[in-house]
Amino acid sequence: MPELILGLSAHYHDSAATLLADGVPIAAAQQERFSRRRHDSDFPADAIRYCLDEVGAKLPDLSAVAYYEDPALKFRRVLATYLGAAPHAFGTFRHTLPPWLSWKLAMTRHLGRQLARLDLGDPPQIVVRRHHESHAASAFFPSPYESAAVLAIDGVGEWATTTMWHGVGNQLRQLAELRFPHSLGLLYSAFTYYCGFKVDSGEYKLMGLAPYGTPRYTDVIRERLIDIKKDGSFRLNLRWFEFLRGQAMTGRGFERLFGGPRRVPEAPLTEREFDLAASVQSITEEVVLRLARTARRLTGEPRLCLAGGVALNCVANGKLLDAGTFEEVWVQPAAGDAGGSLGAALAVAMSRGARRVHVGTGRDAMSGALLGPAYDDTDIRSTLDRRGAVYRVLDEATLIDQVVAALAAGKVVGWFQCRMEFGPRALGARSILADPRDPRMQSALNLKIKFRESFRPFAPSVLAEDAEAYFELAQSSPYMLLVAKVSPALRTRSDSTSHATGLDLLRITRSTIPAVTHVDFTARVQTVHPENNPIYHRLLTAFKEATSCSVLVNTSFNVRGEPIVCSPDDAYTCFMRTRMDLLALGGHLLEKSAQPPYQDDDWRALIPMD
Amino acid sequence: MSTALLALAYYFIVTPVGLLSRIVHDPLRRGWNRRASTYMHYLANRSPRTDHGASAQKGV
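Here the protein sequences line up with chains A and B, keeping their order.
Residue 609, in numbering that gives the first Met the number 0, is where the first sequence stops; the numbers in between run on with no holes.
Residue 59, in numbering that gives the first Met the number 0, is where the second sequence stops; the numbers in between run on with no holes.
And the structure:
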């Protein structure tokens, strides 16, 4: 049996498990997909069971379990924060100290007990790696590069909030770090909170909001909130933030600076929120670009690997690529804390002499991020029969033909195939698909299918070989983590011809693929490669043959507030709750109009808003 | 752990220690220095980590 190492992230947010065989990721999943609680932070029991089931292993078959952060080091930072914030932080002290003393400080022992309760045999040695080491390892070791500069940027783990590394072969050398409380991730989260979105999940919304605004607050942010140095290092002015003192990110200081109270969640968006989003996005991009230039100078490497929650800011990633500081950029698809499980396991595997066998093949080690569970036709049929669903069983060619015909006719299709994605993006395994040429599709998908805010953009999947014809993208983007401009040849109007502002910008058709063209002519592109997801590539190819368009709208298979679907049962439920027209579940095709009546009127109340 | 006990610990231990320690050294290094060229902690010649067993503990 190969050497098996299990990586875990747990007990903060986005719990996950990853299994490596001889240093190669073979299974990975977030606990939220099984528990159906978004950003679930609990011990990832279901994800662990899935990973072990994938190879028929039990806990004694593992050579190690790797945990993604160092609890002792983190507790020292927590203690320093208590001291630094006294006497104003009793609220956070009262809530956070008891769990630290009762179990978090003895995390490895706690994890050992939780593993033992799985009834899968005795757990092996539990090893901890530092939080940013886990991020850096998840960025570099699976990347296709023999050597690279590595940047990890996030909110905070133990002390580090930003780290730079040099990766060569199976070694990572740390070069520099910034420490808590000076954090780009926390700065972005503070604005996310102030604009009325949830911290640790609403950051995407703020990024999507930015193109509607004007960055008129950048001067005040630079003067009062953050002192940025030439090398990208920075300090925040904690006088204006509340996160040291309690559960809130901002308070009266922000209200004084930005002209009023925090936006109430779900209240109408105003020019202020658009401009705040544009401003903090602009500052974030500036810091990331400067850090990247420093990483280039320190390492001399022409390639960069990114991870950490800030690496999910695909707009900043796109600007970084456009700046030309690096010839190529590779972003870990599970760049947030879920990917820490992968990084911790990889760091341990490499320190024990594992080899990066994928290097030199031109491919990365992520298998297209399709590392989650798959369901065969027997599983699917059993679920559908139990649910009383009406379906047809089709061969693959017929299934693709019928899905393409439906998409071309303006229908919305649930697409459930092969192994589930690892990371926050749906990449054509658990996706909702639509025709990007329809100017009404963006609004229809947001309001009738996803039940989410009207301003949120949708992303395109494009055949990798045709990406250049549609987008100004200098490299492949298989994980939908780079934003690029829609090609000028496809634009139907220029920036200067519009006087609309705010959400009125949504009413303007900007290109021949309007459903995936954001108000600033950009798109969060996924390039689809046959080696990563063959059936999805064949679907796109067939859509191109039928319509001459190589692009589909690809959004995650879920509704607002819900994790992406994992099982056929989840998919059927989501299909029936929304106005999706068609569902392709493996080789089974379901039409909404043929399904029996579905009674689940209160389902919206069961899913908390994100 | 009771709120009263936590309040006693916070206001009679953490707060005085925190206030006194900040006179000497702010554990969070909050000050700005406009004239400084960097806030980065550069780690010269740091070797790749190989101490994976340093914080290890046998499960259970």
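Cβ atoms here follow ideal geometry from the backbone N, Cα and C, with glycine treated the same way.
In chain order, what residues of the same chain lie with their CB nearer than 6 Å to the CB of residue i, ignoring the 5 residues before and after it?
i	result
T554 (chain A)	I431 and F457
L182 (chain A)	At residue 182 (chain A) the sequence reads Ser, which differs from the Leu that was named. Answer for S182 (chain A): G154, V155 and T160, listed in chain order.
P607 (chain A)	G560
L538 (chain A)	I399
D580 (chain A)	K410, V411 and K591
Tell me which residues share the same chain as residue i and place their Cβ nearer than 7 Å to its Cβ, disregarding the 5 neighbours each side in the sequence.
i	result
D519 (chain A)	P210
L150 (chain A)	M163, L290, A291, A294, L303 and L305
T516 (chain A)	V485, R509, S510 and A522
G207 (chain A)	F454, R455 and P456
A228 (chain A)	The residue you asked about is not Ala; residue 228 (chain A) is Lys in the sequence shown. Once the five neighbours on either side are set aside, K228 (chain A) has no close Cβ partner at all.
L185 (chain A)	G154, V155 and F242
G120 (chain A)	K57, L58 and P59
P122 (chain A)	L58, V64, G111, L114 and A115
Can you check whether the CB of residue j is closer than 8 Å to the CB of residue i?
i	j	result
F556 (chain A)	A541 (chain A)	no
F615 (chain A)	A407 (chain A)	A query on residue 615 (chain A) cannot be resolved here, the shown segment of chain A reaching from 0 to 609 and no further.
T37 (chain B)	D230 (chain A)	yes
G307 (chain A)	H134 (chain A)	yes
R108 (chain A)	E68 (chain A)	no
I4 (chain A)	A65 (chain A)	yes
E395 (chain A)	G586 (chain A)	yes
S142 (chain A)	D363 (chain A)	yes
H26 (chain B)	A79 (chain A)	Here residue 26 (chain B) turns out to be Pro, not His, going by the sequence shown. Their beta carbons are under 8 Å apart, which means P26 (chain B) touches A79 (chain A) by this criterion.
A428 (chain A)	N531 (chain A)	no
P70 (chain A)	K103 (chain A)	yes
A175 (chain A)	L42 (chain B)	yes
L288 (chain A)	L319 (chain A)	yes
S8 (chain A)	A337 (chain A)	yes
S146 (chain A)	Q331 (chain A)	no
G246 (chain A)	T491 (chain A)	Per the sequence shown, residue 246 (chain A) should be read as Gln rather than Gly. Going by C-beta atoms, Q246 (chain A) is not nearer than 8 Å to T491 (chain A).
P459 (chain A)	P435 (chain A)	yes
Closest by CA to residue i, which one among the options?
i	options	result
G323 (chain A)	A:P332, A:L311 and A:E300	A:E300
S476 (chain A)	A:A348, A:G367 and A:S40	A:G367
A593 (chain A)	A:Y390, A:W414, A:E395 and A:K57	A:Y390
Q29 (chain A)	A:L605, A:A20 and A:V564	A:V564
F42 (chain A)	A:G111, A:Y81 and A:E2	A:G111
M575 (chain A)	A:D600, A:P562 and A:F190	A:D600
A105 (chain A)	A:P86, A:N532 and A:V126	A:V126
G250 (chain A)	A:R215, A:F190 and A:F33	A:F190
F179 (chain A)	A:K73, A:A63 and A:R255	A:K73
R28 (chain B)	A:R36, A:A84 and A:D21	A:A84
A677 (chain A)	A:I379, A:P372, A:Y597 and A:H131	One cannot answer for residue 677 (chain A) here, as it falls past the ends of chain A, which runs 0 to 609.
Q474 (chain A)	A:V527, A:G352 and A:R36	A:V527
P529 (chain A)	A:V77, A:M479, A:E464 and A:L589	A:E464
R33 (chain B)	A:E53, A:R354 and A:N236	A:N236
For residue i, which three-state DSSP category applies?
i	result
D503 (chain A)	helix
E176 (chain A)	strand
P143 (chain A)	coil
Q29 (chain A)	strand
Y81 (chain A)	helix
V515 (chain A)	helix
M206 (chain A)	helix
L256 (chain A)	helix
H165 (chain A)	strand
E467 (chain A)	helix
E590 (chain A)	strand
R295 (chain A)	helix
N553 (chain A)	strand
V665 (chain A)	Look at the range of chain A in this structure, 0 to 609, and you will see that residue 665 (chain A) is not part of it.
L243 (chain A)	coil
H40 (chain B)	strand
D21 (chain A)	coil
C304 (chain A)	strand
Y211 (chain A)	helix
T2 (chain B)	helix
P596 (chain A)	coil
L288 (chain A)	helix
P477 (chain A)	coil
D226 (chain A)	strand
Leaving out five residues on either side along the sequence, give the residues of the same chain with a beta carbon under 8 Å from the beta carbon of residue i.
i	result
L375 (chain A)	Before going on, a small fix: residue 375 (chain A) reads as Asp here, not Leu. Here the set comprises G585.
E202 (chain A)	Y187, S188, T191, F196, G308, L311 and N312
S495 (chain A)	Residue placement at S495 (chain A) cannot be trusted, given a pLDDT of 49 that sits under 50; what the coordinates show is reported in the next sentence. For S495 (chain A), where only same-chain residues beyond five positions count, there are no Cβ hits under 8 Å.
Give, in chain order, every unbroken run of the alpha helix (DSSP H) that is at least 4 residues long and sits entirely within the segment 368-451 of chain A. Taking only runs of at least 4 residues, the alpha helix (DSSP H) segments lying wholly in the segment 368-451 of chain A are 376-386, 395-407 and 440-443.
Going along the chain, which unbroken runs of the alpha helix (DSSP H) with 4 or more residues stay wholly within the segment 80-143 of chain A? Whole alpha helix (DSSP H) segments, 4+ residues: 89-98, 106-115 and 130-139.
Within the segment 323-362 of chain A, note down every full alpha helix (DSSP H) run reaching 4 residues or more, in order along the chain. Qualifying alpha helix (DSSP H) stretches, in chain order: 337-350.
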